[in-house]
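In the numbering used here, the protein residues as written are 128 to 707.
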């Protein structure tokens, strides 16, 4: 790679390169790899041909006699294939095409007859040679034809040839390869200076890098400093490695911009000690920039439906779907392995990107998605070795404790560790109960109010935990609350009438601006201690006695009667659970 110019800005040395030009080609093997979540390969790739067109079959004229007009074309067969004969006809209609994308269920007709060995072996069509046999792909039922064609054409437009070394599939792997090759600490960022991947070597991390990794983005003060010095402007305009010498405790840094058709799509930053050779660092970063381009494009230009597919795939696993094959393929998860789940409550839009970044740093194979049914952020963790829920809770707490804004506390529950993908739904059910129990505990302590002396050991322990920024729990940590929630759910399923007394009080409160339902909650939370209940409700004991009498009139249940008191308490428990 020839360098044709060099100048300096402040203390920075900037080089320019003419060797990094985009070669917009898309090979069949890369297309298959980049669509593994929604296109299922039915036959093997015999010839890794270049893909030059993506077309629906209805938009194509009849193929030429030698099929030359189909070379390099991926054809989407919109009509459903209902039997082996229709499959053969579809293949014959598009000789020498690079690939045919068939509708859901096409695999049922693959090799159904003895004469279909050509199809099974990827040798459909005539005998002109292996390059004339299209690869067969099957569309997932979770996506539409229009979504598939849009995504394939985006792949075609954004494809960039990369060097054979390093060969990586994700940015974290690339960061690790660069770090191992150079001895530097690597950060890969998007154009807005948000961290997409990082890899650190050794225990020593300078303060700027530490803050960048913890927050998921370069600190604002650091960006302002780099802008003022003109360094960032040079990086944005450069086509080669830009270097910044060491300053005090801050190590030397080299950065290279990632470009696609002239557009800045990201940067790779390397922080390295004096023992690292800057020239070798430049060479590695240049090669890494080429390797990073297609991965970066996939990261930044990922279509919304891809996220939906992954969310639906995770949802089917968490929900205990009887057919986990498609979901496991989409998320690249083995059937047997070490799995656990996290349920994170009340995740704001501002907090979610930081959470995703740090959870994937803690567990590289973590899969995240919002669970609309429960309103939690769901996390599926695939571990290299078995960890107990307590160990997972401690690991996640340590990873998140320093990364969240101080005004946004976080609650999460950890489900049981399981060894099979079809058991994950049990872990998820437990994780949801655990985080709901944490929320119920928080509400319970809120009901006690600021005037509570917190004389009990449990009250003191909870008060201390309430100050924690990140609070996680396992089933063992919240056993009492968890059992109460499980009982509430079981009672509601057994007999919906269980909530009638509580609903009657809620209607009365709504019509008369009353507080009878809250009175019942507080009264039961004090185990029937009238003096303590009056103090928490800020009313005289005579007023409390009057309210209890009014509750009995409305519901027909007396708190002095064992059966009536039990029904009333269960009614409030179940109603609160249902409304939460």
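Glycine included, every Cβ here is placed at the ideal spot set by N, Cα and C.
Could you tell me the distance, in whole angstroms, from the CA atom of residue i to the CA atom of residue j?
i	j	result
residue 694	residue 537	34 Å
residue 402	residue 358	24 Å
residue 688	residue 701	20 Å
residue 504	residue 468	10 Å
residue 392	residue 171	33 Å
residue 540	residue 445	15 Å
residue 636	residue 652	20 Å
residue 217	residue 156	22 Å
residue 633	residue 696	14 Å
residue 316	residue 569	38 Å
residue 658	residue 705	30 Å
residue 262	residue 548	30 Å
residue 514	residue 502	26 Å
residue 709	residue 439	A question about residue 709 goes unanswered here, because the residues of the chain that appear run from 128 up to 707.
residue 575	residue 557	Only weak support exists for where residue 575 lies, its pLDDT of 40 falling under 50; the value from the coordinates is given anyway. Between residue 575 and residue 557, the C-alpha separation is close to 27 Å.
residue 500	residue 442	10 Å
residue 352	residue 160	41 Å
Buried or exposed for residue i, going by 16 or more other Cβ atoms inside 10 Å?
i	result
residue 256	Confidence at residue 256 is low in this model, with a pLDDT of 44, below 50, so the placement of that residue is unreliable and no value is reported for it.
residue 372	exposed
residue 509	buried
residue 457	buried
residue 620	exposed
residue 265	buried
residue 646	buried
residue 396	buried
residue 462	exposed
residue 624	exposed
residue 544	buried
residue 384	buried
residue 674	buried
residue 389	exposed
residue 112	Absent from the model: residue 112. The displayed extent of the chain is 128 to 707, so no value can be given.
residue 363	exposed
With distance defined between alpha-carbon atoms, name the residue in the options nearest to residue i.
i	options	result
residue 489	349, 518, 501	518
residue 400	386, 409, 420, 376	376
residue 313	265, 613, 563, 416	416
residue 203	267, 192, 318	267
residue 193	321, 421, 260, 393	260
residue 683	263, 654, 629	629
residue 236	207, 612, 440, 322	207
residue 326	351, 299, 350	299
residue 511	448, 491, 626, 282	491
residue 195	188, 210, 222	222
residue 424	188, 564, 281, 347	281
residue 465	497, 384, 554, 527	554
residue 546	670, 460, 669, 676	460
residue 648	527, 703, 164	703
residue 664	679, 654, 676, 642	642
residue 681	670, 627, 671	627
residue 451	166, 231, 552	552
residue 516	483, 601, 274	601
Quick one: grab the DSSP three-state call for residue i.
i	result
residue 387	strand
residue 224	strand
residue 215	helix
residue 539	strand
residue 273	helix
residue 209	coil
residue 465	strand
residue 159	helix
residue 395	strand
residue 667	coil
residue 552	helix
residue 377	strand
residue 501	coil
residue 475	coil
residue 240	Low local confidence applies: a pLDDT of 42 at residue 240 is under 50, so the model's placement there is unreliable, and no value is given.
residue 514	coil
residue 173	coil
residue 439	helix
residue 201	strand
residue 470	strand
Span of the beta strand (DSSP E) holding residue i?
i	result
residue 496	494–498
residue 325	322–326
residue 610	Not the beta strand (DSSP E): residue 610 falls in the alpha helix (DSSP H), residues 606–621.
Give the range of the alpha helix (DSSP H) segment to which residue i is assigned.
i	result
residue 646	643–652
residue 352	347–356
residue 686	Where residue 686 is concerned, there is no enclosing alpha helix (DSSP H), given that its DSSP letter is neither H nor E.
Does residue i get closer than 8 Å to chain D when you measure Cβ to Cβ?
i	result
residue 364	Any reference to chain D falls outside this structure, which holds one protein chain only.
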